[in-house]
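Beneath this line is the structure, given in structure tokens, with notes to follow.
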Amino acid sequence: MLKIVHAADIHAGRPASRELDREKASVRRREIETGLSRIADLCKREKADLLLLSGDLFEHSHVRATWAREAREVFRSLDQTRVFISPGNHDPLVRDSLYKTAAWPENVTVFEGDGMGEVVLQDLNTVVHGLGWRTYLEHRRLLKGFRRVREGSFNILVIHGDVVWNPAASDNGSQYLPIHPEDLEGSGMDYAALGHIHVPGHFNLGKVTAVYPGCPEPLDFGDKGERGVYLVNVGERAGSGDSRVSTEFIPMALRQMRSEDLDITGLDTVERVRNAVLAIGDEACRKRDLWAIRLTGVVEPEIVFDMSLLERELGSDFFFLRLIADYSPGYDLTTLSDPRNTSLEGRFARHLMSLRDDLAKRGEERSALVADLALQYGLDALRQGKVMLRRGRHR
Ligand SMILES: [Mn+2]
Numbered sequence: 119m120l121k122i123v124h125a126a127d128i129h130a131g132r133p134a135s136r137e138l139d140r141e142k143a144s145v146r147r148r149e150i151e152t153g154l155s156r157i158a159d160l161c162k163r164e165k166a167d168l169l170l171l172s173g174d175l176f177e178h179s180h181v182r183a184t185w186a187r188e189a190r191e192v193f194r195s196l197d198q199t200r201v202f203i204s205p206g207n208h209d210p211l212v213r214d215s216l217y218k219t220a221a222w223p224e225n226v227t228v229f230e231g232d233g234m235g236e237v238v239l240q241d242l243n244t245v246v247h248g249l250g251w252r253t254y255l256e257h258r259r260l261l262k263g264f265r266r267v268r269e270g271s272f273n274i275l276v277i278h279g280d281v282v283w284n285p286a287a288s289d290n291g292s293q294y295l296p297i298h299p300e301d302l303e304g305s306g307m308d309y310a311a312l313g314h315i316h317v318p319g320h321f322n323l324g325k326v327t328a329v330y331p332g333c334p335e336p337l338d339f340g341d342k343g344e345r346g347v348y349l350v351n352v353g354e355r356a357g358s359g360d361s362r363v364s365t366e367f368i369p370m371a372l373r374q375m376r377s378e379d380l381d382i383t384g385l386d387t388v389e390r391v392r393n394a395v396l397a398i399g400d401e402a403c404r405k406r407d408l409w410a411i412r413l414t415g416v417v418e419p420e421i422v423f424d425m426s427l428l429e430r431e432l433g434s435d436f437f438f439l440r441l442i443a444d445y446s447p448g449y450d451l452t453t454l455s456d457p458r459n460t461s462l463e464g465r466f467a468r469h470l471m472s473l474r475d476d477l478a479k480r481g482e483e484r485s486a487l488v489a490d491l492a493l494q495y496g497l498d499a500l501r502q503g504k505v506m507l508r509r510g511r512h513r
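For any residue, its number in the numbering used here is found by taking its place in the sequence shown, counting from 1, and adding 118.
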């Protein structure tokens, strides 16, 4: 029986989103930095034999030197767990890398040799293979033709790379160490501990069980849903040729990124919109998580909601709140399109509408969207003397 904790993409040192205020940014930065010690706690609880870290453990250009000291203590506290690290594109083995300058405890192996490294763990009937990055970009398909089977052993590969499901001929499909599925399938490995993709997931290629654990803490607003690490159990007869591998995702993130749409059609005061925002999720999730809420629907043209003011007012109810204005003022375009309406507003609206419709007819959707925004903004300006930027629609 072999027990493995597999994590990747911790990105210690990564500065938090610039949207966060100073205090929250430093809270978040610290939470990302301390991810490793929570993973170590899991190793202790589970009495894991191995901790596999598949790259982007830290960010070379941002990490504090003191973090290496903390990481060293964390690793040292793991008296039952051996640690294997394959550096990735954010923590490559450059000359002044912490992997080279810091003294790592004896239970830690960093794959820093040239090419594929290998450590035989006789007592566990296991071989760990690994390869570390030396540059920030890697176009080469380094696993092409790689095959190394130690019969009678459980073979593990620890690597940071990009599995390319539809390889393009020119550049192998990625500049982040492209891995073609056939490379993994032919490798002879039992378990491929991958890193690089921040969304957790696992798949099988032939007899290879491959896992991207994802980032243990969400790093960007795109990182929605649960984040954590993988716990891997290898059945009784590790290395006997039919060792059963079972994988389990363990959620660990302290906070989540959430995004919701909120239809504010019919809400005609700021107070009503405020209350609708405050009815999203439950209180604990609002206070804990980072939220992006998109206000949609059609509102009376005269009502302008000030997003940054609302964000500030509601800020204490959320760990972080970003409001995106994606609603439209309900301008009465039917009245405006009547040619008998000779007002400036009417003439302007008719001009923009015919431009928009022509562009749409020609299939120029993006330009048609710009014309539609110009129509809305122009009517804002004429009617209210100011323009409400509809942030979400510019993407
Ligand atoms: Mn990464």
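Glycine included, every Cβ here is placed at the ideal spot set by N, Cα and C.
In this structure, ligand 1 has a non-hydrogen atom nearer than 7 Å to the beta-carbon of ASP174.
As computed with DSSP, TYR294 is found in a beta bridge with GLU256.
DSSP places VAL422 outside both helix and strand once states are collapsed to three, so it counts as coil.
DSSP links ALA443 through a beta bridge to LEU413. Setting aside the 5 residues that flank it on each side, VAL238 is surrounded in the same chain by VAL245, each with a C-beta closer than 6 Å to its C-beta; the list follows chain order. In this structure LEU396 is exposed. Its beta-carbon is surrounded by fewer than 16 other beta-carbon atoms within 10 angstroms. In terms of Cβ geometry, VAL228 and PRO205 form a close pair [threshold 8 Å].
In this structure, the straight-line span from the alpha carbon of MET375 to that of CYS403 is close to 10 Å.
In this structure, ligand 1 has a non-hydrogen atom nearer than 7 Å to the beta-carbon of HIS314. Taking 3 residues as the shortest admissible run, the region 191-223 contains the following complete beta strand (DSSP E) segments, listed from N- to C-terminal end: 200-203. Around GLU256, the same chain offers LEU295 as residues with beta carbons nearer than 6 Å, after the five sequence neighbours per side are excluded.
Non-local beta-carbon contacts of ARG182 in its own chain, meaning distances under 7 Å to residues more than five positions away in sequence, involve GLY131 in chain order. ASP127 has its CB nearer than 7 Å to a heavy atom of ligand 1. Look at TYR449 here: in three-state DSSP terms it is coil, with no helix or strand label.
By a beta-carbon distance limit of 8 Å, ALA125 contacts ILE157. Their separation comes to about 5 Å.
Under the three-pair Cβ rule at 8 Å, the region 454-473 does not count as touching the region 430-442. MET375 carries a strand assignment under DSSP once its states are collapsed to helix, strand and coil. Residue nearest to GLU389 within the set LEU154, ARG373 and ILE421 is ILE421 (criterion: CA-CA distance). The straight-line gap separating the alpha-carbon atoms of LYS142 and PHE437 is approximately 8 Å.
With fewer than 16 neighbouring CB atoms inside 10 Å of its own CB, TRP283 falls in the exposed class.
By the Cβ-count criterion, GLY233 is exposed, with fewer than 16 other Cβ atoms from all chains shown falling within 10 Å of its own Cβ. Comparing C-alpha distances from PHE339 to each of TRP409, ALA492, ASP381 and THR327 shows the shortest one belongs to TRP409. Taking a contact as a CB-CB distance under 8 Å, the pair ALA166 and ILE122 counts as one, their CB atoms being some 6 Å apart. Bounds of the beta strand (DSSP E) holding LEU275 are 272-278. Fewer than three beta-carbon pairs drawn from the region 140-154 and the region 214-225 are found closer than 8 Å, and the two stretches are therefore not classed as touching. Sorting LEU428, SER292 and LYS405 by C-alpha distance to the C-alpha of ARG412 places LEU428 at the top. For GLY433, no beta strand (DSSP E) run applies, since DSSP gives it neither H nor E. Straight across, the Cα-Cα distance linking LEU160 with GLU366 is about 13 Å.
Setting aside the 5 residues that flank it on each side, LEU473 is surrounded in the same chain by ALA489, each with a C-beta closer than 7 Å to its C-beta; the list follows chain order. Here the C-alpha atom of GLY231 lies approximately 24 Å from the C-alpha atom of PRO331. In the three-state DSSP reduction, PHE321 falls in the strand class (E or B).
Taking all protein chains shown into account, GLN240 has fewer than 16 neighbouring C-beta atoms within 10 Å of its C-beta and is therefore exposed. Using a 10 angstroms sphere on the CB of VAL276, the tally of other CB atoms reaches 16 or more, which defines it as buried.
Secondary structure at GLU366: strand, using DSSP grouped into helix, strand and coil. A distance below 6 Å between beta-carbons, with the five flanking residues on each side excluded, links PHE176 to the following residues of its chain, in chain order: ALA130, GLY131 and ASP209. Residue pairing from DSSP places HIS247 in a beta bridge opposite GLU236 and LEU275.
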